[in-house]
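My numbering puts the first residue of the sequence shown at 1, with every later residue one more than the last.
By construction, the Cβ of each residue, glycine as well, lies at the ideal position given by its N, Cα and C atoms.
As the structure is a prediction and not an experimental result, all values here were calculated from the model.
These notes concern the structure reproduced below.
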Amino acid sequence: MLQAILFNDTSYDDHHGCQLVMRQIRVLATEAGIHIAHASPVRHDWSQDAFLIARIAESDLCIVNGEGTMHDDAPAAIMLGSLARHCSKLGIPCVLINSVWQNNQQLIEFARKFSQIYVRDPLSRAELALSGVAAEVVPDLTLTFRPEIQRTGRHGLIVNGSVLKPLQQELWRILKELPGERDVRYLSIRTVPPLRLGNESRFFFKSLKANSKMWRHKLSSQLVHPDALSSKGLGRLRWRYSVQSTAKFLNTISAAEGVITGRFHMVTLCMITGTPFMALGSNTHKIEGLLEQAGLADRLCADYAEGVGRLPSLAYSDDEKERLEEFLAVSLAAARRMFADIAGLAREAKKS
Numbered sequence: 001m002l003q004a005i006l007f008n009d010t011s012y013d014d015h016h017g018c019q020l021v022m023r024q025i026r027v028l029a030t031e032a033g034i035h036i037a038h039a040s041p042v043r044h045d046w047s048q049d050a051f052l053i054a055r056i057a058e059s060d061l062c063i064v065n066g067e068g069t070m071h072d073d074a075p076a077a078i079m080l081g082s083l084a085r086h087c088s089k090l091g092i093p094c095v096l097i098n099s100v101w102q103n104n105q106q107l108i109e110f111a112r113k114f115s116q117i118y119v120r121d122p123l124s125r126a127e128l129a130l131s132g133v134a135a136e137v138v139p140d141l142t143l144t145f146r147p148e149i150q151r152t153g154r155h156g157l158i159v160n161g162s163v164l165k166p167l168q169q170e171l172w173r174i175l176k177e178l179p180g181e182r183d184v185r186y187l188s189i190r191t192v193p194p195l196r197l198g199n200e201s202r203f204f205f206k207s208l209k210a211n212s213k214m215w216r217h218k219l220s221s222q223l224v225h226p227d228a229l230s231s232k233g234l235g236r237l238r239w240r241y242s243v244q245s246t247a248k249f250l251n252t253i254s255a256a257e258g259v260i261t262g263r264f265h266m267v268t269l270c271m272i273t274g275t276p277f278m279a280l281g282s283n284t285h286k287i288e289g290l291l292e293q294a295g296l297a298d299r300l301c302a303d304y305a306e307g308v309g310r311l312p313s314l315a316y317s318d319d320e321k322e323r324l325e326e327f328l329a330v331s332l333a334a335a336r337r338m339f340a341d342i343a344g345l346a347r348e349a350k351k352s
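The following block contains the structure:
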């Protein structure tokens, strides 16, 4: 097996989508003959970690999970870009996968140091192409997961939040104004991530500290109903209406008639459960790019009010069902091909 280090492990975040991304990276890497020997947490500065620096020099490959990080020349993005430059000097392949790319200037020079770049959508590829950087499109890796769903029929509507505070506050206002007889519930995508054990045990206390804080917030949100007008209150509301188990979360989505959401991964999880949705734009073009690829661009809404107003057309048409089924199949095939190509790249580098 090729020995790889994974960077920007977002499973440390409180998010079902991130948990599934990291699960699928490990599954698909293993299928391709790649062992994830070590993983560096999201926002962890590898350049200040002597253990990681030593392991990089011994590895066959470094994999960077770009996810929602690589935009606006964010400090975390620059940190990951500098890893590509470091690996280039050592002659070790460093690939960027599962990434958005938007509004970067400083980061472009680092982009040229990656051995290969795989972005999640054509809009990101087009931005890189404007700077003369080649990239391939492989849709988000949550789309490769095939959940075991307990089919019990669909009823009711789920409304999910947004990373954009004004939209999140609009959501709470609309929920209060909906008629009481309407079967609508709010569902957050949050979850408390697992503690770190095994080859990640050196981050055990880091994860314990973070998880303890999350559990406190989750429990306190059950005791007192939070105020949606403050940032702190919005955070607590997300915990109040969260589901800890990813399997239960996916079954909850699959039992709904539909979902209105401003969250990228809520859209992808609707797709893999076959759940109709209406989506709002987020802090990058990631949702627009996703819907364009899937042939579902008409499901983009400007705000929650439009989403609620379009409920009569929420159900998938037969044509949409066919397009979605094809998109999921293409996504899985592309992801498997990507990891096979990455493994081939690493094996060629070992020969030289």
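Span separating the alpha-carbon of Glu-320 from that of Ala-297: As a working note, residue 320 is residue 320 in the sequence shown. As a working note, residue 297 is residue 297 in the sequence shown. Going from the Cα of Glu-320 to the Cα of Ala-297 covers about 11 Å.
Between the CA atoms of Leu-123 and Met-70 - distance to the nearest angstrom: In the sequence shown, counting from the first residue as 1, residue 70 sits at position 70. In the sequence shown, counting from the first residue as 1, residue 123 sits at position 123. Cα to Cα, the separation comes out at about 13 Å.
Going by the CB atoms, is the gap between Arg-263 and Arg-190 shorter than 7 Å? Looking up residue 190 in the sequence shown gives position 190. Looking up residue 263 in the sequence shown gives position 263. In this structure, Arg-263 does not lie closer than 7 Å to Arg-190 by Cβ.
Nonlocal neighbours in the same chain, by C-beta distance under 8 Å from Glu-257, ignoring five residues either side: Working through the sequence shown from its first residue, we reach residue 257 at position 257. So the list reads Arg-154, His-155, Gly-156, Leu-157, Pro-276, Leu-314, Ala-315, once near-sequence residues are dropped.
DSSP beta-bridge partners for Leu-6? Here residue 6 is taken as the residue at index 6 of the sequence shown, counted from 1. In the DSSP output, where bridge partners are listed per residue, Leu-6 has Ala-39, Ile-63.
Contiguous beta strand (DSSP E) assignments of at least 3 residues, all confined to the region 302-343: none
Locate the alpha helix (DSSP H) running through Arg-299, then write down its first and last residues. For the purposes of this step, residue 299 is taken as residue 299 along the sequence shown, with counting starting at 1. Note, Arg-299: premise wrong, no alpha helix (DSSP H); not H, not E.
Would you tell me roughly how many angstroms separate the C-alpha atoms of Ser-115 and Met-1, rounded to the nearest one? For this step, residue 115 is matched to residue 115 along the sequence shown. For this step, residue 1 is matched to residue 1 along the sequence shown. Their backbone Cα atoms lie some 20 Å apart in a straight line.
Mind pulling the alpha helix (DSSP H) runs of 4 or more residues that sit fully within the region 146-183? 165-177
First and last residue of the beta strand (DSSP E) that includes Gln-116? Your numbering for residue 116 matches position 116 in the sequence shown. Start and end: 116-119.
Bridge partners - Val-259, DSSP secondary structure assignment: Position 259 of the sequence shown, counted from the start, is the residue given in the question as residue 259. Ile-158, Phe-277, per the DSSP bridge assignment.
Relative to the alpha-carbon of Ser-331, which residue among Phe-51, Thr-152, Leu-130, Asn-98 has its alpha-carbon at the smallest distance? By one-based count along the sequence shown, residue 331 stands at place 331. When each option's Cα is compared against that of Ser-331, the closest is Asn-98.
Contact between the region 243-251 and the region 52-71 (3+ Cβ pairs under 8 Å): no
Just the Cα atoms here: how many angstroms apart are Thr-284 and Ser-220? As a working mapping, residue 284 is identified with position 284 in the sequence shown. As a working mapping, residue 220 is identified with position 220 in the sequence shown. Answer to the nearest angstrom: the Cα atoms are 32 Å apart.
Identify the residues that DSSP records as bridge partners of Ser-99: which are they? Counting from one through the sequence shown, the residue named residue 99 turns up at place 99. In DSSP, Ser-99 forms a bridge with Glu-67, Val-119.
Within this structure, are the beta carbons of Pro-100 and Leu-80 separated by less than 7 Å? In the sequence shown, residue 100 corresponds to position 100, counting from 1. In the sequence shown, residue 80 corresponds to position 80, counting from 1. One point to set straight first is that residue 100 is Val, not Pro, in the sequence displayed. No.
Provide the residue span of the alpha helix (DSSP H) that contains Ser-221, from first to last. On the sequence shown, position 221 is the one that residue 221 refers to. From DSSP, the alpha helix (DSSP H) with Ser-221 extends over 204-223.
Could you check where the alpha helix (DSSP H) with Lys-113 kicks off and where it finishes? Taking the first residue of the sequence shown as 1, we reach residue 113 at position 113. Neither: Lys-113 is in no alpha helix (DSSP H) and is coded neither H nor E.
Can you pull the DSSP bridge partners for Leu-190? Walking along the sequence shown from the start, residue 190 turns up at place 190. The residue you asked about is not Leu; residue 190 is Arg in the sequence shown. Partner(s): none; Arg-190 has no beta bridge.
For Arg-185, I'd like the list of residues in its chain whose CB is within less than 7 Å of its CB, leaving aside the five on either flank, ordered along the chain. Numbered from 1 along the sequence shown, position 185 holds the residue referred to as residue 185. Excluding positions up to five away in sequence, the list reads Gly-156, Ile-158.
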